[in-house]
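Protein chains in written order, with the UniProt record's numbering: chain A, 1 to 173; chain B, 1 to 802. Every residue gets a Cβ at the ideal spot worked out from N, C-alpha and C, and that includes glycine. Note that the coordinates shown come from a computational prediction; the quantities given were computed from them, not determined experimentally. Structure first, then comments.
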Ligand code: FES
Ligand code: FES
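So this is what it looks like as structure tokens:
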């Protein structure tokens, strides 16, 4: 696999060198081969926008994009993401710093309370629209159901996704 | 005047780059200078959507930070004879293995009664109880060592008590049993029960609820100079954390600073129970002289902390031909778990909410907090109130089915009156009752009667799928039951450039408290939202704060912040009149402009002038809720400053072959007083409704019947609602009802009362199940109404079918 180099053992176990491409920038890091992508982002790259909810693939808080597809970063080894384009919530805004339409819609629709699920919701929502799975409220609810929100801001999350999906479809038409 | 200060500049809310969607009325009010009653965006919304709002684990770690993990007891009951630490200390990266003997001060994190060891003190009380604190150079290494604790423990296991009914039968209570009794004359309840034309008795079983705050428990303790600690903690109660840490270390409070900028959800689970983690991180940091972070893994969070109390009920109710209750006796048995925690206050609130919206002439309610070998149950949004009120709604439904009457008619017959039939069992006279008018409005809004007929028609022509519909009211008492907790402080700084920083004792957990408080300050000073910045809750800024709980956050801290802001405004008005002429009372503050004696000047300009004239531009503020008092022995008084009201109508469909339930439509009308922020309040109402629906339908907690293991310890097995569980039609409206008491801008607390709205879902399921039986069918449905519970309830009707 590209961008990976195995290192000798250290006191805390074997280390390896990995190059991760995150939000368009390459990062060379050394880590334990068992490190998840989630921990690599948060603890090696300081990208703490991606959140830890359950750490085993059942809450969606850690959702990122791998080559444009949504992925639970707690279920992926960092090493397995080498060579892919990784996008996190920090990389969603435009080059000029303008918020992504989904970010703007989440604010405008009050689609958050504590905000802890929000980065994962937004990453999922962007993918949900791109996948063509936001054609109706029912479809949005179904395809967003992997992202838990304990504050249950769901009605407003659905409204935000609907708005962005609507304007995306209007552009495509 | 300075033309820069156009009111539209304020229209962006706190999120400066992203405009808000305001309706025409709110937009006009905003332009006219209003800052409350406006759906301003959450003050951190623009940060949350960018992943730029830091929680405790997101704060960059200080050099030398160590990581802690807690080693759990492998048994639910027994004696811990000894711990052999040698094997753990030999593991990679392990720096220290601390046990109860290493705690320099009190080994206790009990918030009220001191019965809650931080680390096991020889007696093992529940499976998962922390027995040792492992500190290592990395989180995974600490957790790895904690997971290897088993062989290091010398334990003499005992047989655990795992159910509340079992503890009740043994008389094993955590607290003295309490009874709330109100009779027109001694013996009147017994007489009412004996003489009643109708009488029903029974039992009901209601499960607990895991908070499942999406951000797990976490504390990060950093040593500071002269034997001090700065502790970043995800907590609803920084002052309590400060006190617990100081006690555990044998220190004074002023040595400990606790800070919380925001939580990723609290829901009561971080009121007292963040204490264990705050103490452990602090004990390790103080001992090792290094920063120590303790971030719980989700599964450990489930198995170490408590949750909403499961309740068991026995009841006996008497009523007349109209279904009007003439007397009721009920016993509420709460599963308290292994320690008292906040169970006493939870039970008091349950006893004080059993009435919900109904007048109970002769009443006796007994509360028993059972001691079991499980996690210690604690606060959860509603704090016993929902557990009290649900029983009376089950009773109303049973009365209606027994009499063959419309359940809503039975409810209406029992509503509290306005001038009479208006005294609660705890002898508070209700002065703000709007329940009848509110329910009437919802009945019309939801076309309730028409849909009852449509549901009946559907059920006549369908045998496998059945629909059900129910409408339930809410009355919820606002204030801490313990009067002295109803106080708050705030600190407002106006800097010389006109920018404003607000601090108060409340904590932000997503409920929008900081947003509301900032709105109150912006309103008081007549400035835009962008000029007001919120800051982290910090025990070194506001001392002796109460928990952000009991829905009182905005009521208390909003008033304290307004007090501080008004002090500054009055000083500015005095100065403006002295400098520019006119009377101080005539000085106007709005839209960043101050008008004095025919002159308009920018707020910032006046502030600069005042600063140069040596006017104090910062102030503290304080508020204590008036009127509340409580006799804790007799269980009477005025525990609540006022009541919040609401009602919901829910329609469900069930599959009688699988037990599957789906909520088709819900209509909600809720009283937030004169709302400070309608968007935030509607979010709280809908969020509370959906969260409570989860409690009553899908969120099932299962402990192993003999070894006491919690089997549902992660979202893989513990099912909270997803977007897909929300109804396709959810219609939520605010009931226009300014508070009769002079609360902050006549608003009402909105955090907890909506938990009662989802009773309508459970009762609609009951209605649908009843439709599988004949006339008068009265299913025996437990909560949560999982598919298994629904099938059992259908079977309970089959069993009595001829
Ligand atoms: S943290 Fe990855 S799905 Fe929950
Ligand atoms: S906003 Fe709190 S978990 Fe979604």
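- From the listed residues B:565, B:727, B:690, the smallest Cα separation to residue 150 of chain A is found for B:690.
- Restricting attention to B:445, B:603, B:776, B:602, the CA atom closest to the CA of residue 649 of chain B is found in B:445.
- Straight-line spacing of the CA atoms in residue 791 of chain B and residue 131 of chain B works out to 41 angstroms.
- Listed in chain order, the positions of the stretch 714-742 of chain B with a beta carbon within less than 7 angstroms of a beta carbon of chain A are 714, 715, 716, 720, 721, 722, 723, 724, 726, 728, 730.
- Here residue 237 of chain B is buried. Its C-beta has 16 or more other C-beta atoms within 10 Å.
- Rounded to the nearest angstrom, the gap between the Cα atoms of residue 603 of chain B and residue 677 of chain B is 24 angstroms.
- Relative to the Cα of residue 479 of chain B, the nearest Cα in the group B:141, B:580, B:353 belongs to B:353.
- Where residue 630 of chain B is concerned, the enclosing beta strand (DSSP E) starts and stops at 629-631.
- Apart from sequence neighbours up to five positions away, the residues of its chain that approach residue 423 of chain B with a beta-carbon distance below 7 angstroms are 429, ordered along the chain.
- Here residue 597 of chain B is exposed: its Cβ has fewer than 16 other Cβ atoms, across all protein chains shown, within 10 Å.
- In this structure, the straight-line span from the alpha carbon of residue 96 of chain B to that of residue 292 of chain B is close to 12 angstroms.
- Scanning chain B for C-beta atoms nearer than 9 angstroms to the C-beta of residue 113 of chain A yields 42, 265, 509, 510, 511, 512, 680, 683, 684, 687, reported in chain order.
- Between ligand 2 and the CB of residue 118 of chain A, the shortest heavy atom gap is smaller than 8 angstroms.
- Flagged as an interface residue toward chain B: residue 104 of chain A, by a C-beta distance shorter than 9 angstroms.
- Sequence-distant partners of residue 631 of chain B (beyond 5 residues in either direction) whose C-beta falls short of 6 angstroms from its own C-beta, in its chain, are 637.
- Bounds of any alpha helix (DSSP H) do not take in residue 111 of chain B, whose DSSP letter is neither H nor E.
- The three-state reading of DSSP puts residue 726 of chain B in coil, since its state is none of H, G, I, E or B.
- Partner residues in the beta bridge of residue 220 of chain B, as assigned by DSSP, are B:232, B:293.
- Sorted by position in the chain, A:52, A:53, A:54, A:55, A:57, A:58, A:59, A:60, A:61, A:62, A:72, A:74 make up the residues whose C-beta lies under 6 angstroms from a heavy atom of ligand 1.
- When rounded, the separation of the alpha-carbon atoms in residue 175 of chain B and residue 186 of chain B is 26 angstroms.
- Residues 673, 674, 746 of the same chain have their beta carbon placed closer than 7 angstroms to that of residue 738 of chain B, with the five preceding and five following residues left out of the count.
- When the Cα atoms are used, residue 26 of chain B and residue 499 of chain B turn out to be separated by approximately 24 angstroms.
- Under the 8 angstroms Cβ criterion, the stretch 518-527 of chain B does not count as touching the stretch 695-710 of chain B, having fewer than three qualifying pairs.
- When the five nearest sequence neighbours on each side are left out, the beta carbons in the same chain lying within less than 7 angstroms of the beta carbon of residue 655 of chain B are those of 464, 465, in order along the chain.
- Taking the CA atoms as reference points, residue 69 of chain A sits about 16 angstroms from residue 140 of chain A.
- One thing to note: residue 688 of chain B has its Cβ within 9 angstroms of the Cβ of residue 381 of chain B.
- Checking the DSSP bridge columns, you'll see residue 260 of chain B partnered with B:537.
- Taking C-beta atoms as the reference points, residue 335 of chain B and residue 164 of chain B count as a pair closer than 9 angstroms.
- In the structure shown, the three-state DSSP call for residue 607 of chain B is helix.
- Along the length of the stretch 463-503 of chain B, whole beta strand (DSSP E) runs at least 3 residues long occupy 465-478, 487-494, reported in chain order.
- Neighbourhood of residue 375 of chain B in chain A, by CB distance below 7 angstroms: empty, with the nearest CB roughly 18 angstroms away.
- Any Cβ of chain B closer than 9 angstroms to the Cβ of residue 49 of chain A would place that residue at the interface, and such an atom is present.
- Proximity of the beta carbon of residue 278 of chain B to ligand 2 is not indicated: no heavy atom of the ligand is located closer than 8 angstroms.
- Pairing residue 384 of chain B with residue 332 of chain B, the inter-Cα distance amounts to about 11 angstroms.
- The stretch 217-224 of chain B makes contact with the stretch 280-296 of chain B, as at least three CB pairs between them are under 8 angstroms.
- Not a single CB atom of chain A sits nearer than 9 angstroms to the CB of residue 101 of chain B.
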